[in-house]
Amino acid sequence: MFTKIDHIGIAVTALDDILKFYQDALGLHLHEIEEVPEQKVRVAMFPVGETNLEFLEPTSPE
């Protein structure tokens, strides 16, 4: 049985727009932004309770 969700990953095309919306409109606090070259993504994490919202923006069209 699940007792908690660690994170939810959401693919986006414009990470900067998402950051602005979640910080300004929803009042969430950004935990970190990280580029993961081997996965060709830029990742932003927002903690929400015991869960993290993870937004992933591709850094390559592939």
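The sequence shown begins at 217 in the working numbering and counts up one residue at a time. Just so it is clear, CB atoms sit at the ideal spot from N, CA and C, and this is done for glycine as well.
Secondary structure at I224: strand, using DSSP grouped into helix, strand and coil.
Taking the Cα positions, K256 is about 5 Å away from T275. At a Cβ-Cβ threshold of 7 Å, R258 and E248 do not count as neighbours.
When secondary structure is reduced to three states using DSSP, P253 falls in the helix class.
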